[in-house]
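In the working numbering, the protein residues as written are 190 to 409.
The structure appears below as structure tokens.
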Amino acid sequence: MSEASEADSSQEWLVVDDQELKSLAALSLDEAVAVRRWWQRLALSPVELKQLTPQPGLPRGVRAALRRCDTPDAALLTQAFRELWHLLPEATVESPFIEAQLEKWSCIALVLAELRNETPGKALAARLGQQASTGKPIMSELRFQQILTCRTPEELVQRLRRALALAGRSEMSAVRLADVVALWWREYSGEISARPTHRFGFMLANDYFGAAASYRHEDT
């Protein structure tokens, strides 16, 4: 490996650390790096962004236009999606299943556009299972179960957008959020992991009920 390649690899590990990478079930390292770099440019203020990367942020209206999209097809036509697509590795954008890749990544873009602030490493479901001011989880078990049973991409995007609104659009990892969407898509396409711990339902339920158990146990 050349010195330049080693430097690039080192930079990737700074963007997505080893612990976060190990938590991923459906994204590659290159995809995870692209997701975080894109989200940072999309959502962070110039001051925040300058501390993380020399890359300029995207115009504010770019994110707003993506958030106004109601469908994955509409998201495909936005500048925000094009910026994400151009950051993705060649193996992704040159896939023989290009139509499915485009729809999957448009769903990822739609969901990530709702995230205002992130906590690297923290899972969406763990955030939803946190204790709210009512003493109950931020998202009720009934609504959480509805995420687990989504049948269409449109339904998944709709429910995840609602979940992010309930969670204050903050305190979760952009990379892990994208991984949730990618994992759902993998199973939607008929690819079920042989490892139960890398399946959509198990991963989300484990994070959600694990977070809820931490304070429910204290109350007993």
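Ideal Cβ positions, reconstructed from N, Cα and C, are used throughout, including at glycine.
Remember, predicted model here, so these are calculated numbers, not experimental data.
Element boundaries [alpha helix (DSSP H), containing residue i]
i	result
D383	Strictly speaking, residue 383 in this sequence is Ala, with Asp absent from that position. Unbroken run through A383: none, as it is neither H nor E.
L233	Element bounds for L233: n/a, residue is neither H nor E.
Q268	268-276
Q335	330-337
E283	It is not in any alpha helix (DSSP H) - E283 carries neither H nor E in the DSSP assignment.
R340	Per DSSP, R340 belongs to no alpha helix (DSSP H) and is neither H nor E.
D259	It is not in any alpha helix (DSSP H) - D259 carries neither H nor E in the DSSP assignment.
E376	363-377
K211	207-212
Residue closest to residue i, alpha-carbon to alpha-carbon, out of the options
i	options	result
H387	A402, A371, G399	A371
T260	L218, K311, W228, Q347	Q347
L178	R351, L233, R257, E380	With the chain covering only 190 through 409, there is no way to say anything about residue 178.
T341	K293, D396, R384	K293
A367	K311, L266, E330, T323	K311
R471	A321, S378, A298	Any question about residue 471 goes unanswered here, given that the chain covers just 190 to 409.
V251	E279, Q240, L231, A263	L231
P278	V222, L337, G379	V222
A263	H275, R249, T242, L291	L291
Y397	P285, Q229, Q334	Q334
L393	L349, A383, G379	L349
L353	E343, Y377, M328, E376	M328
Exposed unless 16 or more other CB atoms sit within 10 angstroms - verdict on residue i
i	result
K170	Past the boundaries of the shown model lies residue 170; the chain is included only from 190 to 409, so the question cannot be answered.
I287	exposed
G399	exposed
T267	buried
L331	exposed
Q208	exposed
S295	buried
R249	exposed
Q240	exposed
Q244	exposed
A401	buried
S322	exposed
S403	exposed
The stretch 235-254 contacting the stretch 315-324, beta-carbon criterion three pairs below 8 Å: The answer is no - the stretch 315-324 does not touch the stretch 235-254, with fewer than three Cβ pairs under 8 Å.
Ranges of the alpha helix (DSSP H) found wholly within the stretch 289-319, counting only runs of at least 4: Within the stretch 289-319, the complete alpha helix (DSSP H) runs of at least 4 residues are 313-317.
Stretch pair the stretch 350-358 + the stretch 299-311: three plus CB contacts closer than 8 Å: Flag = yes, the stretch 350-358 and the stretch 299-311 touch.
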